[in-house]
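Structure first, commentary second.
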Amino acid sequence: MDALRHGWPLAFDGGPVLLPVETAIAQGATSPQMLISAARAATLKLANQREAAVPHAPVLIAGGEDFTLREALPIADPALDLGNPLKGPFKAVTLDWAEAAAAALELARIAGILPAFLVDPVDAGEAVPVAASDIAAYADAGALRIVTRARLPVSACEEAEIVAFRSAADLREHVALIIGKQSGDRLPLVRLHSECLTGDILGSLKCDCGPQLDAALHAMAHEARDSGGWGILLYMRQEGRGIGLVNKLRAYRLQDQGFDTVEANQRLGLPDEARDFPVAARMLELLGARTIRLLTNNPAKVAALQAAGITVSERVPHQLPENPHNARYLATKRDKSGHLLP
Numbered sequence: 171m172d173a174l175r176h177g178w179p180l181a182f183d184g185g186p187v188l189l190p191v192e193t194a195i196a197q198g199a200t201s202p203q204m205l206i207s208a209a210r211a212a213t214l215k216l217a218n219q220r221e222a223a224v225p226h227a228p229v230l231i232a233g234g235e236d237f238t239l240r241e242a243l244p245i246a247d248p249a250l251d252l253g254n255p256l257k258g259p260f261k262a263v264t265l266d267w268a269e270a271a272a273a274a275l276e277l278a279r280i281a282g283i284l285p286a287f288l289v290d291p292v293d294a295g296e297a298v299p300v301a302a303s304d305i306a307a308y309a310d311a312g313a314l315r316i317v318t319r320a321r322l323p324v325s326a327c328e329e330a331e332i333v334a335f336r337s338a339a340d341l342r343e344h345v346a347l348i349i350g351k352q353s354g355d356r357l358p359l360v361r362l363h364s365e366c367l368t369g370d371i372l373g374s375l376k377c378d379c380g381p382q383l384d385a386a387l388h389a390m391a392h393e394a395r396d397s398g399g400w401g402i403l404l405y406m407r408q409e410g411r412g413i414g415l416v417n418k419l420r421a422y423r424l425q426d427q428g429f430d431t432v433e434a435n436q437r438l439g440l441p442d443e444a445r446d447f448p449v450a451a452r453m454l455e456l457l458g459a460r461t462i463r464l465l466t467n468n469p470a471k472v473a474a475l476q477a478a479g480i481t482v483s484e485r486v487p488h489q490l491p492e493n494p495h496n497a498r499y500l501a502t503k504r505d506k507s508g509h510l511l512p
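In this note's numbering, the protein residues as written are 171 to 512.
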């Protein structure tokens, strides 16, 4: 991921050398082929219906001439579509290294860059070795540990404790905020909250993240104050449902062009849901909360936690009023993502 951020090529064990299009520092590099996602290929009219059904799947494309980085960037970045409407002609070609290709797209998502690469480029510089199996080590929720905890009175509840989690395989540091006094006699009210800089900190009206965070803390405080219960807020470092801050802002730009949240992510070649629920489950296990009441409108979140070994005894609705800026966002959650909203 560090190599991708720096724009260095990756040499996959048993696969090709791949140069990230967005960040590449070897500006003179060229290649006869590019690796992009099926969703982006569908936008370019290159993916058939079956391929497009798996938007984050890899697709290998070729053009009449070698790709330069200047030509490749508008292929990778849908924000440049309006300024570069004429692309190609391209064709999708057979991909013989599917595991490495899928790993490359996943690494790009984790690194927060556009999922597009030049394949076996000329003049790309020295490549960093990597294996597709390295993804499994990164995704191993079992490596997560509690590293420290401290009392942290917050405005919603003065009786609160913050717990920090870290994994040797992952640079992200997640935290949990325990509201009230932890007790084995009462099931905790739990909220999984993915970080949202724009909503949580800047007060964005495009989403409901900030109000949901505030309402969750107050709901837990109410449980602690009035009924002797307690709550856990998991604050997960997975901005934009796992696509990263910069790509989330790219999606915002596409939304301004008329696309909804799911369509915007797909035009970027990124999944519309990439949150790490096994990590959330591991955090709950480390806190001794294997059976919970979950504050959510999303049945898929309940199913994902249960698949990871957490028993959800009750789904507690968590709906807040819409505003003119997030009405379409909430409707998309309901209509395309299955959230239980009116």
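The beta carbon of each residue, even a glycine, is placed where N, CA and C say it ideally should be.
Pick from G312, S353 and H363 that is closest to A346, judged by C-alpha positions: H363
Cα-Cα, which of Q408, L205, A297 and A497 is closest to H176? A297
Could you name the residues that DSSP lists as bridge partners for D340? S337
Going residue by residue through the stretch 243-330, where are the continuous alpha helix (DSSP H) segments of at least 4 residues, counting only ones entirely within it? 268-281 and 304-308
Span of the alpha helix (DSSP H) holding V416? L415 to D426
Could you check whether A301 and D183 sit closer than 8 Å to each other, using their CB atoms as the reference points? yes
Judging by CA-CA distance, which residue of D430, R452 and M453 is the nearest neighbour of D442? D430
Check D236 in the structure and name its three-state DSSP category. strand
Using beta-carbon positions only, say whether A246 and I206 come within less than 8 Å of one another. yes
Whole runs of the alpha helix (DSSP H) within the stretch 381-414, excluding any shorter than 4 residues: 409-412
Contact between the stretch 486-504 and the stretch 372-391: three or more CB pairs below 8 Å? yes
Same chain only: Cβ atoms within 6 Å of A474, ignoring 5 sequence neighbours per side: F447
Is DSSP giving S507 helix, strand or coil here? helix
Which same chain residues, not among the five before or five after P248, have their C-beta less than 7 Å away from its C-beta? T213, L424, R437 and L438
Can you have a look at I371 and say buried or exposed, based on whether 16 or more other CB atoms are within 10 angstroms of its CB? exposed
Taking three-plus beta-carbon pairs below 8 Å as touching, is the stretch 339-356 in contact with the stretch 413-428? no
If you measure between the beta carbons of P202 and A272, is that distance less than 8 Å? no
If you scan the stretch 344-375 from start to end, which runs of the beta strand (DSSP E) of 3 or more residues do you find wholly inside it? 359-364
What do you get for I480, buried or exposed, if any count of 16 or more other CB atoms within 10 angstroms of its CB means buried? buried
Tell me whether L174 sits in a helix, a strand or coil according to DSSP, three-state version. helix
Anticipated Cβ contact below 8 Å, L250 with L243, distance rounded: 7 Å
Supposed close pair P190, I283 - CB separation, criterion 8 Å: 6 Å
Roughly how many whole angstroms lie between the Cα atoms of A262 and P487? 45 Å
Roughly how many angstroms separate the alpha carbons of L367 and L419, rounded to a whole number? 11 Å
Using the Cβ count rule (16 or more neighbours within 10 Å means buried), how would you classify S325? exposed
Helix, strand or coil for L214? Go by DSSP, reduced to three states. coil
Closest Cα partner of L123 within the set F260, W178 and R407: Within the shown structure, residues of the chain are numbered from 171 to 512, placing residue 123 beyond reach of any answer.
Boundaries of the beta strand (DSSP E) in which P202 is found, first to last residue: T200 to S207
With a cut-off of 8 Å on the beta carbons, I'd call A385 and I349 a contact; round off their distance for me. The pair is not a contact, with the Cβ atoms about 13 Å apart (cut-off 8 Å).
Could you compute how far the alpha carbon of I462 sits from the alpha carbon of D310? 23 Å
Inspect the beta-carbon positions of P469 and L404 and report whether they are closer than 8 Å. no
Is G398 near G380, with beta carbons less than 8 Å apart? no
K471 versus E241: straight-line alpha-carbon distance, rounded: 40 Å
Nearest neighbour of E409, chosen from E192, V360, A421 and F287 [CA to CA]: A421
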